[in-house]
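See below for the structure under consideration.
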Amino acid sequence: MISFELNGDKVTYEGDPNMPLLWYVRDELNLTGSKFGCGVGMCGACTMHLNGQPVRSCSTPMAAANGARVTTIEGLNSEAAVAIQQAWQKLDVVQCGYCQSGQVMSATALLENNKQPNDQDIDMAMQGNICRCATYHRIRAAIHEASDTLAKEVS
Ligand code: FES
Ligand code: FES
């Protein structure tokens, strides 16, 4: 049996340990904020946090979640996550929206690990998240905006 914490709740799973985490979260728990894009770890639409680190849940087997702490967009509520979501709204980052759950997950993980990333840090952290609408400039600006907000809260 596989058991782990999902968005603060304990969950257990007794099926195929090789099934992708994304399938379980979307199809069995009906949490559809994490998107299916490529299905092979190349686009970032399915990004979740596993013990605070961004992972591609389409390519993460259920077995990898055992004993771990998993967070999806529905459970994101850290200080960095709030700052990111407010910056996303303020700068009107979203276009079609399909990639944005994954973008927010990766951006939040970045700020949780590095509160003042430079452009290079941002490009490195976000390089696995593809946006077909090319919102990259607004994403980068919004991460800086959220970083400034966090810095003001500390000072
Ligand atoms: S759907 Fe997981 S990386 Fe594209
Ligand atoms: S906003 Fe459309 S794919 Fe990114």
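Numbering of the sequence shown is given in this note's numbering, commencing with residue 774 and proceeding in unit increments. Ideal Cβ placement from N, Cα and C applies to all residues, glycine included.
Here L779 carries a strand assignment [DSSP, helix/strand/coil].
Where M821 is concerned, there is no enclosing alpha helix (DSSP H), although the beta strand (DSSP E) around it starts and stops at 820-823. In the pairwise beta carbon analysis, the stretch 849-856 is classified as not touching the stretch 789-798: fewer than three pairs are separated by under 8 Å.
CA-CA distance, T908 to H917, rounds to 15 Å.
Annotated three-state conformation of R905 is coil, per DSSP.
Using a 10 angstroms sphere on the CB of T844, the tally of other CB atoms reaches 16 or more, which defines it as buried. Cβ neighbours of N824 within its own chain (closer than 6 Å, five residues either side excluded): A841, R842.
Taken through DSSP and simplified to helix, strand or coil, V867 comes out as coil. G814 sits close to S832, with the two beta carbons spaced by under 8 Å.
Look at V813 here: in three-state DSSP terms it is coil, with no helix or strand label. The straight-line gap separating the alpha-carbon atoms of N780 and G848 is approximately 5 Å.
Ranking G812, S807, A914 by CA distance to the CA of Q862 puts A914 first. Here S776 really is in contact with N839; their C-beta atoms are around 7 Å apart, less than 8 Å. In this structure, DSSP gives Q889 a state outside helix and strand, which the three-state scheme calls coil.
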